[in-house]
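Peer 1: Under UniProt numbering, residue 232 is the last one in the sequence shown; the count climbs by one each step, no gaps.
Where is the CB? At the ideal position from N, CA and C, for every residue including glycine.
None of the values given here were measured: they were computed from a predicted structure.
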Amino acid sequence: MLVCGLGFVNSPPKTAQTFVTFLRLEHIVITIPLTPYNSDRMNTAEQERLEALRQYGIMDTPPEEEFDNITSLASRICGTPISLITLLDDQRQWFKASVGIDLKETPIEYAFCAHAIRNPSEMTVVPDSRKDERFADNPFVTGEPHIVFYAGMPLVDEDGHALGSLCVLDVQEQRLSPFQLTALQQLAKQVVTLLQLKKKNRELEQLLDRLERENKSLEAELRDLKGKGEGR
């Protein structure tokens, strides 16, 4: 079973069915079945999600102030010492921006946010991981940094792909107010807007580079034709 944050719990048998509880912003709690994140065969939707993430070209990029500002603001609004912008591929959970923790990434089997991205419209909330059998044995709960509280909002792009999560974590039990939940949701949308803007800018730069190369090639052909004409 995967968990939403920076750790893991013992995986159940493949024949077992696991469940996860999510908190909607309107405070309706639902429980739905959840299959293990790492399966022997990725389904089409997951393959499409991974391809979408790849096209953003964001993994392993240097820190950027715009993203750092969002995690800082999320931490202040929610009153938590830790805030992360996470992106998940098939191997790891990578942190584009972070507050209150020195880690840059974790293996995918330690990715709390793997729960969140499976339910793109849901805010995933764990008030106290110590009292939750899914997280009680988590090494990031039992050991440093002793995570107790987690809340994560998926980063869903315009095509419906959940790329990662904006999450806040605390070392003590927490309950976010409706205002804080809504703010976290809105900040997650701002992260997606930034990601999409940077993707479009990168695509534009690539287009301009291609046009410049084609222009130089045409200029060379014209010079060649002109030279041949003058040689007659």
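In whole angstroms, what is the alpha-carbon distance linking residue 200 and residue 53?
Peer 2: Within the sequence shown, residue 200 is the residue found at index 200, counting from 1. Within the sequence shown, residue 53 is the residue found at index 53, counting from 1. Distance between the alpha carbons of residue 200 and residue 53 is about 14 Å.
Peer 1: In terms of alpha-carbon separation, which member of 212, 163 and 85 lies closest to residue 72?
Peer 2: To locate residue 72, count along the sequence shown from 1; it is residue 72. Per the Cα distances, 85.
Peer 1: What separation, rounded to the nearest whole angstrom, lies between the Cα atoms of residue 93 and residue 117?
Peer 2: Stepping through the sequence shown from its first residue, residue 93 is reached at position 93. Stepping through the sequence shown from its first residue, residue 117 is reached at position 117. Their backbone Cα atoms lie some 12 Å apart in a straight line.
Peer 1: Between the alpha carbons of residue 188 and residue 166, how many angstroms are there, rounded?
Peer 2: Mapped onto the sequence shown, residue 188 falls at position 188. Mapped onto the sequence shown, residue 166 falls at position 166. So the two alpha carbons sit approximately 6 Å from each other.
Peer 1: If I measure Cβ to Cβ from residue 127 and keep anything under 8 Å in the same chain, skipping five residues before and after, which residues do I get?
Peer 2: Within the sequence shown, numbered from 1, the residue matching residue 127 stands at position 127. Only 149, 173, 174 and 175 meet the Cβ criterion.
Peer 1: Measuring CB to CB, does residue 99 end up less than 9 Å from residue 60?
Peer 2: Here the question's residue 99 lines up with position 99 in the sequence shown. Here the question's residue 60 lines up with position 60 in the sequence shown. Against a cut-off of 9 Å, the Cβ pair of residue 60 and residue 99 comes out as no contact.
Peer 1: In whole angstroms, what is the alpha-carbon distance linking residue 139 and residue 163?
Peer 2: The residue labelled residue 139 in the question sits at position 139 within the sequence shown. The residue labelled residue 163 in the question sits at position 163 within the sequence shown. The straight-line gap from Cα to Cα measures roughly 25 Å.
Peer 1: Any idea what DSSP makes of residue 181, helix, strand or coil?
Peer 2: By one-based count along the sequence shown, residue 181 stands at place 181. Three-state DSSP puts residue 181 in a helix.
Peer 1: Let's see if you can read the secondary structure: which residues bound the alpha helix (DSSP H) around residue 45?
Peer 2: Counting from 1 along the sequence shown, the entry for residue 45 is found at position 45. Note, residue 45: alpha helix (DSSP H), 44-56.
Peer 1: Taking the alpha-carbon positions, what's the residue 185 to residue 81 distance?
Peer 2: Taking the first residue of the sequence shown as position 1, residue 185 is located at position 185. Taking the first residue of the sequence shown as position 1, residue 81 is located at position 81. Their Cα atoms are separated by approximately 18 Å.
Peer 1: How about residue 112 and residue 103: are their beta carbons less than 9 Å apart?
Peer 2: Residue numbering aside, residue 112 sits at position 112 when the sequence shown is read from its first letter. Residue numbering aside, residue 103 sits at position 103 when the sequence shown is read from its first letter. Contact: no.
Peer 1: Taking C-beta to C-beta, are residue 132 and residue 108 nearer than 9 Å?
Peer 2: Here residue 132 refers to the residue found at position 132 of the sequence shown. Here residue 108 refers to the residue found at position 108 of the sequence shown. Cβ atoms of residue 132 and residue 108: not closer than 9 Å.
Peer 1: Looking at the structure shown, is residue 109 part of a helix, part of a strand, or coil, going by DSSP?
Peer 2: Here the question's residue 109 lines up with position 109 in the sequence shown. Reduced to three states, the DSSP call for residue 109 is helix.
Peer 1: Can you check which of these residues, 62, 225, 87 and 57, is closest to residue 197 by C-alpha distance?
Peer 2: Counting from one through the sequence shown, the residue named residue 197 turns up at place 197. Of the listed residues, the one whose Cα sits closest to residue 197 is 57.
Peer 1: If you draw a straight line from the alpha carbon of residue 66 to that of residue 221, how long is it in whole angstroms?
Peer 2: For the purposes of this step, residue 66 is taken as the residue at position 66 of the sequence shown. For the purposes of this step, residue 221 is taken as the residue at position 221 of the sequence shown. Cα to Cα, the separation comes out at about 44 Å.
Peer 1: Give the single residue among 179, 157 and 152 whose Cα lies nearest to the Cα of residue 168.
Peer 2: Start at 1 with the first residue of the sequence shown, and residue 168 comes out as number 168. Taking only the C-alpha atoms, the option nearest residue 168 is 152.
Peer 1: Which word fits residue 49, buried or exposed, when buried means at least 16 other C-beta atoms lie within 10 angstroms of its C-beta?
Peer 2: The residue given as residue 49 occupies position 49 in the sequence shown. Result: buried.
Peer 1: Go through its chain and collect everything with a Cβ distance to residue 156's Cβ below 7 Å, but skip five positions before and after it.
Peer 2: Start at 1 with the first residue of the sequence shown, and residue 156 comes out as number 156. Here the set comprises 120, 162 and 192.
Peer 1: According to the neighbour-count rule (16 or more other Cβ atoms, all chains shown, within 10 Å of its Cβ), is residue 177 buried or exposed?
Peer 2: For the purposes of this step, residue 177 is taken as the residue at position 177 of the sequence shown. Label assigned to residue 177: exposed.
Peer 1: Could one say the Cβ of residue 169 lies closer than 9 Å to chain B's Cβ atoms, at least one of them?
Peer 2: In the displayed structure, chain B is absent; only one protein chain is listed.
Peer 1: May I ask you to list the residues that DSSP assigns as paired with residue 59?
Peer 2: Counting from 1 along the sequence shown, the entry for residue 59 is found at position 59. Answer is none; residue 59 lacks a bridge partner.
Peer 1: Would you say residue 70 and residue 97 are within 9 Å of each other, going by their C-beta atoms?
Peer 2: Taking the sequence shown and counting its residues from 1, the one referred to as residue 70 is at position 70. Taking the sequence shown and counting its residues from 1, the one referred to as residue 97 is at position 97. Cβ atoms of residue 70 and residue 97: closer than 9 Å.
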